[in-house]
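This report refers to the structure that appears directly beneath it.
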Amino acid sequence: MTEVPDSPQRHSPQHRGAPPETARALDRYGGPARLLALSDGVFAIAMTLLVLDITVPPGLDPAAFRDALRDLPPKLGAYALSFAIIAAFWRDHNRHLRHLRAVDGVLMHVTLLGLGLIALLPFPTTLLSEYGGRPQSVAFYAAAVAAMDGTQIALLVVRLRRPWLNAVPLDPRAVRADIADAAATAVVFTASIPLTYAIGPQAIWSWVLLLPLKFFTGRRQRAAGTG
Numbered sequence: 001m002t003e004v005p006d007s008p009q010r011h012s013p014q015h016r017g018a019p020p021e022t023a024r025a026l027d028r029y030g031g032p033a034r035l036l037a038l039s040d041g042v043f044a045i046a047m048t049l050l051v052l053d054i055t056v057p058p059g060l061d062p063a064a065f066r067d068a069l070r071d072l073p074p075k076l077g078a079y080a081l082s083f084a085i086i087a088a089f090w091r092d093h094n095r096h097l098r099h100l101r102a103v104d105g106v107l108m109h110v111t112l113l114g115l116g117l118i119a120l121l122p123f124p125t126t127l128l129s130e131y132g133g134r135p136q137s138v139a140f141y142a143a144a145v146a147a148m149d150g151t152q153i154a155l156l157v158v159r160l161r162r163p164w165l166n167a168v169p170l171d172p173r174a175v176r177a178d179i180a181d182a183a184a185t186a187v188v189f190t191a192s193i194p195l196t197y198a199i200g201p202q203a204i205w206s207w208v209l210l211l212p213l214k215f216f217t218g219r220r221q222r223a224a225g226t227g
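When we follow full-length UniProt numbering, the leftmost residue of the sequence shown carries the number 1, and every step to the right adds one.
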């Protein structure tokens, strides 16, 4: 009887000592390196696109130039808010992916959904800066950010329910702290959607609630060793 040689992949360092589920995921999708590289690229492009709306048209006379400068603060504010949101999302997203050993289809699709929402964020940012006085703009922006944090929560749940994907066992306390942090953002932005239709664009000030909430969830994360 002719002996069929083992696949060379089975002898790779990645597979050594891996549970069967991990080995299958590595065979089909590999490790997290390519997903990390793709994620970094999407985040970098999204951050760069945010600044493209901050412009002053050429050839303005002095009066028009002053008017153009007066129009900049809403654009700068929307840019700063979105940049901070994307940067925080990248920090957490990068940390979660770096602690993976393997990737499977479910995790990949959740990650791609999150990246799609990140790539979309420059559009609601433009709406917020150009039409911030309209409730639809505030609601669209809030929905986009809440959906982004929803994918972050989904990623954590996938890692918790598929332990073979993780490089080291997850600490349930740390996962709960991370979920609470993402949920705080999702809840505040989701709650502002009906609020903006009730009281108008002033509902944007409800987002300030994130400052104390993030302080407390950040303390919880640091206590769990993840912040």
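C-beta: ideal position from N, C-alpha, C; glycine also.
Anyone know if the C-beta pair for residue i and residue j falls short of 7 Å?
i, j, result
"Leu35", "Val103", "yes"
"Tyr79", "Leu113", "no"
"Lys75", "Ile45", "no"
"Leu97", "Pro32", "yes"
"Ala180", "Ile153", "no"
"Ala68", "Val56", "yes"
Just tell me which of the options has its CA closest to the CA of residue i.
i, options, result
"Arg101", "Gly30, Ala174, Pro201", "Gly30"
"Ala144", "Ile118, Ala183, Thr111", "Ile118"
"Arg95", "Gly133, Ala147, Leu170, Leu128", "Leu170"
"Ala203", "Asp149, Gly41, Phe140", "Phe140"
"Leu210", "Val157, Ile85, Asn166", "Ile85"
"Ser137", "Leu69, Gly200, Gly225, Asp40", "Gly200"
"Leu216", "Tyr197, Trp205, Thr185", "For clarity, residue 216 is Phe in the given sequence; the question names Leu instead. For the residues Tyr197, Trp205, Thr185, the minimum Cα distance to Phe216 belongs to Thr185."
"Thr196", "Arg162, Leu128, Met148", "Leu128"
"Glu130", "His99, Asp71, Pro62", "Asp71"
"Met148", "Pro135, Ala198, Gly105, Gly116", "Gly116"
"His99", "Pro212, Leu69, Ala198, Ala167", "Ala167"
"Trp205", "Gly132, Thr151, Leu165", "Gly132"
Nearer than 6 Å: is that true of the beta carbon of residue i relative to any heavy atom of the ligand MG?
i, result
"Arg101", "The model depicted lacks the ligand MG and carries no ligand whatsoever."
Drop a sphere of 10 angstroms on the beta-carbon of residue i, count the other beta-carbons inside from all chains shown, and report buried for 16 or more, exposed for fewer.
i, result
"Ala64", "exposed"
"Leu107", "buried"
"His109", "exposed"
"Asp92", "buried"
"Val42", "buried"
"Pro73", "exposed"
"Leu155", "buried"
For this session: Determine contact between the segment 185-193 and the segment 115-126, defined as no fewer than three beta-carbon pairs at a distance below 8 Å.
Result: no
For this session: Evaluate contact between the segment 169-177 and the segment 213-224, counting only Cβ atoms and requiring at least three cross-stretch pairs below 8 Å.
Result: yes
For this session: Counting only runs of 4+ residues fully inside the segment 111-184, write out the alpha helix (DSSP H) ranges in chain order.
Result: 122-130, 135-161
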